[in-house]
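Colleague:
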């Protein structure tokens, strides 16, 4: 098995939550009367960061107290108010099961809060697929590599046995900072041109494409180990 540990981002990689994130952040800005409108593109650009870091990026010069107010209002709108759907991307459930059946250990590394991810696990039923996870409010935000290093330590795999899958430059930058291989997905928040800067080992346009690639890589690695020319 080339990659024994496959680490996934959540929003924009497994679940299509972009519209809900944008609407909730814009509502939070209005609630605190932030003077500058938060455009769709501006919010899209910070998807993947931890929430306090995202707010500071969106609202230059914002005070610490106001960051906390925006954070609370965003969480309220995202978790309690918004009725915008957050479907799984096509093939996610089947693809994750294929990886598990092949012997891969699965994990999540996300900019979400623990409360938000646990709710996502419950709502989608995906929690059973993952051995472990890290959220931005219990470690350092992407692109700092700490959450990946913590996942490696917890699962006992080396960095060379793991791959990070994500849709933003923060996902891929985190993996690059950890010295970990990375797979970009182009159906999420950030444009492919922003992702290719981080030299992903593979770029997937559909979720099932990355599953096929990981499993094919495993087959090729096993053939090499067994002395069979692939």
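Numbering (my numbering), first residue to last: 13 to 242.
All C-beta atoms, glycine included, are put in the ideal place defined by N, C-alpha and C.
1) Distance, Cα to Cα, residue 166 vs residue 97?
2) In three-state terms, what does DSSP make of residue 151?
3) Pairs of beta-carbons, one from the region 152-160 and one from the region 182-196, closer than 8 Å: are there three or more?
4) Run through the region 105-158 for me and flag every whole alpha helix (DSSP H) of 4 or more residues, listed as ranges in chain order.
5) Indicate the three-state DSSP secondary structure (helix, strand or coil) for residue 198 in the structure shown.
6) With residue 82 as the anchor, note down where its alpha helix (DSSP H) starts and where it stops.
7) Where does residue 219 fall in DSSP's three states?
8) Can you list the alpha helix (DSSP H) stretches of 4 or more residues lying completely in the region 159-190, in chain order?
9) Within a Cβ cutoff of 7 Å, which residues of the same chain sit near residue 161, ignoring the five residues on either side of it in sequence?
10) What residues match up with residue 18 in a beta bridge as DSSP calls it?
11) Cα separation between residue 35 and residue 50?
12) What number of angstroms, rounded off, separates the C-alpha of residue 225 from the C-alpha of residue 211?
13) Report buried or exposed for residue 223, applying the criterion of at least 16 other Cβ atoms within 10 angstroms of its Cβ.
14) In three-state DSSP terms, what is residue 59?
15) Name the DSSP beta bridge partners of residue 100, please?
16) Touch check for the region 38-53 and the region 70-82: three-plus C-beta pairs under 8 Å?
17) Here's the rule I'm using: 16 or more other beta-carbon atoms within 10 Å means buried, otherwise exposed. How should residue 75 be labelled?
Modeller: Short version:
1) As a working mapping, residue 166 is identified with position 154 in the chain shown. As a working mapping, residue 97 is identified with position 85 in the chain shown. The alpha-carbon atoms of residue 166 and residue 97 are separated by roughly 33 Å.
2) Locating residue 151 in the chain shown gives position 139, where the first residue counts as 1. Residue state, collapsed to three classes: coil.
3) Because the criterion of three Cβ pairs below 8 Å is met, the region 152-160 and the region 182-196 touch.
4) Counting only runs of 4 or more, we get 126-136.
5) Counted from its first residue, the chain shown places residue 198 at position 186. Looking at residue 198 - three-state DSSP - the assignment turns out to be coil, as it is neither helix nor strand.
6) As a working mapping, residue 82 is identified with position 70 in the chain shown. Note, residue 82: alpha helix (DSSP H), 76-88.
7) As a position in the chain shown, residue 219 is number 207, starting the count at 1. DSSP, read as helix, strand or coil, puts residue 219 in helix.
8) Whole alpha helix (DSSP H) segments, 4+ residues: 181-190.
9) For the purposes of this step, residue 161 is taken as residue 149 along the chain shown, with counting starting at 1. Result list for residue 161: 190, in chain order.
10) One-based indexing of the chain shown puts residue 18 at position 6. The bridge partners DSSP lists for residue 18 are 118, 175.
11) Position 23 of the chain shown, counted from the first residue, corresponds to residue 35. Position 38 of the chain shown, counted from the first residue, corresponds to residue 50. Cα-Cα distance, rounded: 10 Å.
12) In the chain shown, the residue the question calls residue 225 occupies position 213. In the chain shown, the residue the question calls residue 211 occupies position 199. Near 16 Å, if we compare the C-alpha coordinates of residue 211 and residue 225.
13) By one-based count along the chain shown, residue 223 stands at place 211. Under this definition residue 223 is a buried residue.
14) Here residue 59 corresponds to residue number 47 of the chain shown, with the count starting at 1. Residue 59: strand per DSSP, three-state reduction.
15) On the chain shown, position 88 is the one that residue 100 refers to. DSSP output for residue 100 lists 27 as bridge partner(s).
16) Enough Cβ pairs lie closer than 8 Å, so yes.
17) For the purposes of this step, residue 75 is identified with residue 63 of the chain shown, where counting begins at 1. Label assigned to residue 75: exposed.
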